[in-house]
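A.B. asks:
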Amino acid sequence: MRILYTILVALTALFILGTSRAAAQMPDSAQQVLTLQEFHQLILLHHPVASQAALLTEQARQELRIARGALDPVISSKVYRKEFGGKEYYNLWSNTLQVPLWFGPELKAGFDKNTGSNLNPMDYTPSEGLSSVGISVPLGQGLFIDERRATIRQARLMQEIAEAERIKLINKLLLQATKDYWDWLLYFRQVQLYEEAVELADFRLKAVRARVQEGDLAAIDTVEALTEVQARQVLLQEALLGYNNARLLVATHLWAEDETPLELQDQTIPALTGSEIASLSQSDLQQLLETAKANHPDLRKLSLKGQQLQLDRRVAADKLKPKLNAEYNLLQSDFYMRPEAIDRSFIGENYKLGLSFSLPLFLRQERGKLQLTKAKQQANALELTQTAREVENSILAAYNEWLALEEQIRLQEQMVANANTLRNGEVTRFQSGESSLFLVNSREMKLMEAQAKLYTLRAKYAKARTFLYWSAGSIEME
187 MRILYTILVA LTALFILGTS RAAAQMPDSA QQVLTLQEFH QLILLHHPVA
237 SQAALLTEQA RQELRIARGA LDPVISSKVY RKEFGGKEYY NLWSNTLQVP
287 LWFGPELKAG FDKNTGSNLN PMDYTPSEGL SSVGISVPLG QGLFIDERRA
337 TIRQARLMQE IAEAERIKLI NKLLLQATKD YWDWLLYFRQ VQLYEEAVEL
387 ADFRLKAVRA RVQEGDLAAI DTVEALTEVQ ARQVLLQEAL LGYNNARLLV
437 ATHLWAEDET PLELQDQTIP ALTGSEIASL SQSDLQQLLE TAKANHPDLR
487 KLSLKGQQLQ LDRRVAADKL KPKLNAEYNL LQSDFYMRPE AIDRSFIGEN
537 YKLGLSFSLP LFLRQERGKL QLTKAKQQAN ALELTQTARE VENSILAAYN
587 EWLALEEQIR LQEQMVANAN TLRNGEVTRF QSGESSLFLV NSREMKLMEA
637 QAKLYTLRAK YAKARTFLYW SAGSIEME
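Letter by letter, the sequence shown follows residues 187 to 664 in the working numbering.
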């Protein structure tokens, strides 16, 4: 009976724990595997934060549309009539069309028709009306840049800023979601490990009880076997608690259409791949640093903000110039353009010309605005320098952690192999009657601890890889 017992215990130990890693790579066919790539795709499809990030681009597009409205042609018409004591004083009808041009000048067209016995001489028009077409040109302030053009250019830059902010929000969302996914996988592997361990300990407990009943073992050995079962059940319950909570966190990132939250099905499990060692060379690291300098959302936003401040500075400097505007309007009777209106003699005899000039004597507001903008530029440049340093150091720190975890995983794999060898050796000794069940259980516990530590290191390694790419401004899509 003892020989049969030892053989069964040995075979069970070798089968259950010796094949635990293989079982971890072969999920039940009834289970549904949710890969990290599928997880990312579901998040980007319907997650509220992803939808919110997409709205940033739309908002920026509408802001540009609003800014471009400053160049919209404007048509206006005014009618005034005065009659008092049965006497008509005047009828005034004025129509204008203004077409702003991108480079500063403004085209104007008008038609006026005024009648009445008490008209202001300046308002006299021919009986068929007076039409005009002309142009207003800024010769001083507003010739090369003005608030209207600067606003449109800033709105274009705002589109790029919104895109950088969208990428930042998506990266932050995917970073947390990916970390939750790796935690889910970690606890799933731990549950598998401890379930197998409990199964083996329970088998041994039954075998010990059978031998106690036959008188081959003392009753105290049952307590030892039962204690081992209970110890492993505690570990299993802790792993199950972590697994269930991890599933809830993963489900938090899953949404359907119309902001409907989704739940993970009980048979859904994480993919058992993705945390393998994948070395990053120094050349790849340098490429990652260069990519981060060019495309990191925070650096991109600060760079674009600097371009906006440069536009503000140009506008503020332009305000130091005097306002000098020239306007010329060609006049003719009636509404329709006549062929003779383009003759040189006609143009020289039928026109309205204007010239306006203004300049604040102290320019305190304009000079203050310029100096304030310069100060903002300096502050933005300093922030850009500091942020670039922080991004670079964050990447290097994440890379160092990556390398350290690679080495730890290799060492831990060796420790698992060594613990497995010691466990197998103890089982062999137990078969020969040179060891005890207590020592076999101890060796198995060491093996389980080493395997659990390896799972933890692999999860940390996967998180470190995700954090490295996030530090560079992008999330690596599996």
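For every residue, glycine included, the Cβ atom is placed at its ideal position computed from N, Cα and C.
For residue 462 and residue 614, what's the separation of their Cα atoms in angstroms?
C.D. replies: Looking at the two C-alpha atoms, the distance is approximately 33 Å.
A.B. asks: When burial is assigned at 16 or more other CB atoms within 10 Å of the CB, is residue 505 buried or exposed?
C.D. replies: Looking at its Cβ environment, which holds 16 or more other Cβ atoms inside 10 Å, residue 505 is buried.
A.B. asks: Report the residue from 304, 241, 259, 293 whose alpha carbon sits nearest the alpha carbon of residue 270.
C.D. replies: When each option's Cα is compared against that of residue 270, the closest is 304.
A.B. asks: I'd like the span of the alpha helix (DSSP H) that includes residue 234, first residue to last.
C.D. replies: Its alpha helix (DSSP H) spans residues 234-254.
A.B. asks: Can you find the residues in the same chain that come closer than 8 Å, C-beta to C-beta, to residue 488, ignoring five residues on each side of it along the sequence?
C.D. replies: 566, 569, 570, 573.
A.B. asks: Identify the residues that DSSP records as bridge partners of residue 447: which are they?
C.D. replies: Partner(s): 441.
A.B. asks: When burial is assigned at 16 or more other CB atoms within 10 Å of the CB, is residue 272 buried or exposed?
C.D. replies: Its Cβ having fewer than 16 others within 10 Å, residue 272 is exposed.
A.B. asks: With 16 other CB atoms within 10 Å as the buried threshold, where does residue 373 fall?
C.D. replies: When all chains shown are included, residue 373 counts as buried.
A.B. asks: So residue 262 is in the beta strand (DSSP E); what residue range does that whole segment cover?
C.D. replies: Element bounds for residue 262: 260-270.
A.B. asks: If we call anything under 7 Å between Cβ atoms a contact, is residue 633 one with residue 596?
C.D. replies: Taking 7 Å as the Cβ cut-off, residue 633 and residue 596 do not qualify as a contacting pair.
A.B. asks: Thinking just about the alpha-carbon of each residue, which of 575, 585, 507, 562 is nearest to the one in residue 550?
C.D. replies: The shortest Cα separation from residue 550 among 575, 585, 507, 562 belongs to 507.
A.B. asks: Can you find the residues in the same chain that come closer than 6 Å, C-beta to C-beta, to residue 645, ignoring five residues on each side of it along the sequence?
C.D. replies: Excluding residues within five positions, the ones whose Cβ falls inside 6 Å are 368, 372.
A.B. asks: Is there contact between the segment 526-536 and the segment 434-450, where contact requires at least three CB pairs shorter than 8 Å?
C.D. replies: With the cut-off at 8 Å, the segment 526-536 and the segment 434-450 do not touch.
A.B. asks: Going by Cα to Cα distance, which pick from 260, 589, 606, 473 is closest to residue 628?
C.D. replies: Among 260, 589, 606, 473, the Cα nearest to that of residue 628 is on 606.
A.B. asks: Note down the Cα distance separating residue 343 from residue 252, rounded to an integer number of angstroms.
C.D. replies: Answer to the nearest angstrom: the Cα atoms are 14 Å apart.
A.B. asks: What residue from 299, 353, 448 has the CA that sits closest to residue 267's CA?
C.D. replies: Comparing Cα-Cα distances from residue 267 to each of 299, 353, 448, the minimum goes to 299.
A.B. asks: I'd like to check one pair, residue 360 with residue 661: are the Cβ atoms closer than 7 Å?
C.D. replies: Yes. Within cutoff.
A.B. asks: Looking only at its chain, what residues have a beta carbon closer than 7 Å to the beta carbon of residue 588, apart from the 5 residues adjacent to it on each side?
C.D. replies: Here the set comprises 466, 650, 651, 654.
A.B. asks: Between residue 146 and residue 486, what straight-line distance do the alpha-carbon atoms span, to the nearest angstrom?
C.D. replies: Outside the modelled stretch of the chain, which goes from 187 to 664, sits residue 146, for which no answer is possible.
A.B. asks: How would you call residue 246, buried or exposed, if buried means at least 16 neighbouring beta carbons within 10 angstroms?
C.D. replies: Burial call: buried.
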